[in-house]
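Chemist:
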Amino acid sequence: MKHRVAAVQMVSSGNIDHNLTAAAGLIRAAVEQGAELVLLPENFAVLDGGPLRQFAEREGAADTLLQGFLAGQARSHGITLIGGTIPLLSRPPASDGSQRPDLDDGRVRPASLVYDPEGRLIARYDKLHLFDVKVADRQAEYLESRSFEAGDDPVIATTPLGRVGLTICYDLRFPELYRKLLEAGAEILTVPSAFTRTTGEAHWEVLLRARAIENQCFVLAANQGGVHNESRETYGHTMIVDPWGKVLARVERGEGLAVADLDLQQLVRIRQDMPIVNHRRL
């Protein structure tokens with residue numbers, strides 16, 4: 121069976137109203153093209169502007185702006201919607217079901233939320249790997265750990281399209297996470313991102329295709345793609361990759377949609393013909 125999906129590319133700013141309007145328009149355009157699942161990029165609602173903790177505090181209240189937006193978009197269009205990332209103060213329950221305390225040290229959790237076609241939250245993944253690196257661009261250094269706390273566990277979302285392994289941006293450089301998702305039954309891997317132009321030009325496509333090939337999964341990668349302020353530029357090149365490593369659709373720069381049909385029978389055939397998981401020696 122084939123399912124049409126869309127990965128959204130944005131050029132988000134610090135203006136949350138503008139960003140949500142842009143996201144809503146792109147989601148609507150994806151649905152008009154027949155998309156059943158839509159993936160938004162990392163930091164789709166706010167990027168490089170505005171206090172993250174203030175947004176996160178509102179997300180803990182009854183009138184949640186961003187979660188309400190995502191739930192409403194999923195419900196009104198009847199789609200599975202993966203909300204890139206939003207800042208949250210709450211931590212998800214521990215693996216034993218116990219509730220972890222909320223953050224109180226000024227940082228937030230970067231969370232990717234999945235909503236079903238009824239607008240119900242069905243999965244949450246908090247970014248495991250934080251981008252604390254030096255990059256040869258105008259910003260020079262990125263220290264996500266100043267603003268964010270890393271997540272704890274890999275997450276699979278069971279959706280009408282199949283089992284979706286959730287990852288975020290810098291996670292892409294850690295193949296062991298993707299192997300754990302494969303072992304948990306992932307058929308589709310999502311990578312909402314804000315990859316810098318410098319690192320993206322060097323590594324973005326090769327990493328995405330490698331994760332698709334080595335795990336024999338479809339990969340949906342929604343990136344930010346443009347100039348956000350005087351020191352921040354993202355790479356774009358949002359794309360959808362099949363389990364053989366073929367790029368099915370891409371958007372180079374600026375706002376846009378990568379739309380493709382995922383043939384899950386192709387995935388089954390590839391795994392049957394080349395059963396790499398069964399051939400592992402280590």
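Under this note's numbering, the residues of the sequence shown are numbered 121 to 402, in order. Where is the CB? At the ideal position from N, CA and C, for every residue including glycine. Remember, predicted model here, so these are calculated numbers, not experimental data.
So, using beta-carbon positions, are Val-131 and Gln-386 closer together than 8 Å?
Modeler: No. Outside cutoff.
Chemist: With 16 as the cutoff for other CB atoms within 10 Å, does His-123 come out buried or exposed?
Modeler: Buried, because 16 or more other Cβ atoms sit within 10 Å of the Cβ of His-123.
Chemist: DSSP on Ser-196, reduced to helix/strand/coil?
Modeler: DSSP places Ser-196 in helix when its eight states are reduced to three.
Chemist: How close, in whole Å, do the beta carbons of Ala-231 and Ile-202 come, if the pair is a contact with beta carbons under 8 Å?
Modeler: 11 Å between Cβ atoms; not a contact.
Chemist: Going by beta carbon distance, what residues of the same chain come within less than 7 Å of Ala-155, once the five residues before and after it are set aside?
Modeler: Excluding sequence neighbours, Ala-155 sits near Arg-124, Val-125, Ala-126, Ile-199, Val-379.
Chemist: What residues match up with Met-130 in a beta bridge as DSSP calls it?
Modeler: Answer is Gln-344.
Chemist: For Leu-281, count neighbouring C-beta atoms within 10 Å of its own C-beta (all shown protein chains included) and say buried if the count is 16 or more, exposed if not.
Modeler: Buried, by the Cβ-count rule.
Chemist: Does the beta-carbon of Met-359 have 16 or more other beta-carbons within 10 angstroms, so that it is buried, or is it exposed?
Modeler: With 16 or more other Cβ atoms within 10 Å, it is buried.
Chemist: Let me make sure I understand the geometry here. Which of Asp-225, Pro-221, His-197, Ile-136 has the alpha-carbon closest to that of Glu-238?
Modeler: Here the closest residue by C-alpha is His-197.
Chemist: According to DSSP, Met-215 sits in a beta bridge with which residue or residues?
Modeler: The residue you asked about is not Met; residue 215 is Ser in the sequence shown. Paired residues: none, contrary to the question.
Chemist: On a CA-only basis, which of Leu-172, Pro-213, Leu-233, Val-228 is nearest Thr-279? Give me that one, please.
Modeler: Of Leu-172, Pro-213, Leu-233, Val-228, the residue nearest in Cα terms is Leu-233.
Chemist: Can you list, in chain order, the residues of its chain whose CB lies under 6 Å from that of Leu-327, leaving out five sequence neighbours each side?
Modeler: Taken in chain order, the residues that qualify are Leu-292.
Chemist: So what does Leu-233 bridge to, in DSSP terms?
Modeler: Paired residue(s): Arg-244.
Chemist: Can you give me the Cβ contacts of Arg-173 inside the same chain, cut-off strictly under 7 Å, excluding the 5 residues immediately before and after it?
Modeler: Result list for Arg-173: Gly-226, Val-228, in chain order.
Chemist: Starting from Glu-179, trace the alpha helix (DSSP H) in both directions and tell me its first and last residue.
Modeler: Element bounds for Glu-179: 172-179.
Chemist: Here's the rule: buried if 16 or more other CB atoms are within 10 angstroms of the residue's CB, otherwise exposed. What is Ile-396?
Modeler: The residue is exposed, with fewer than 16 neighbouring Cβ atoms inside 10 Å.
Chemist: Counting pairs of beta carbons, one from the stretch 315-330 and one from the stretch 265-277, are three or more of them closer than 8 Å?
Modeler: Not touching, per the Cβ criterion.
Chemist: Residue ranges of each alpha helix (DSSP H) run of no fewer than 4 residues wholly in the stretch 286-362, ordered along the chain?
Modeler: For the stretch 286-362, whole alpha helix (DSSP H) runs of length 4 or above, ordered along the chain, are 295-303, 325-335.
Chemist: Looking at the secondary structure, which residues open and close the beta strand (DSSP E) in which Asp-252 lies?
Modeler: Element bounds for Asp-252: 252-254.
Chemist: Taking 6 Å as the limit between beta carbons, can you name the residues of its chain near His-249, skipping five residues before and five after?
Modeler: Answer for His-249: Tyr-290, Asp-291, Phe-294, listed in chain order.
Chemist: Count the other CB atoms within 10 Å of the CB of Pro-213; is the residue buried (16 or more) or exposed (fewer)?
Modeler: Exposed: under 16 other Cβ atoms inside 10 Å.
Chemist: With DSSP run on the structure shown, which of helix, strand or coil describes Asp-381?
Modeler: Three-state result, Asp-381: strand.
Chemist: Determine the extent of the alpha helix (DSSP H) in which Arg-148 is found, giving its start and end residues.
Modeler: First-last of the alpha helix (DSSP H) with Arg-148: 136-152.
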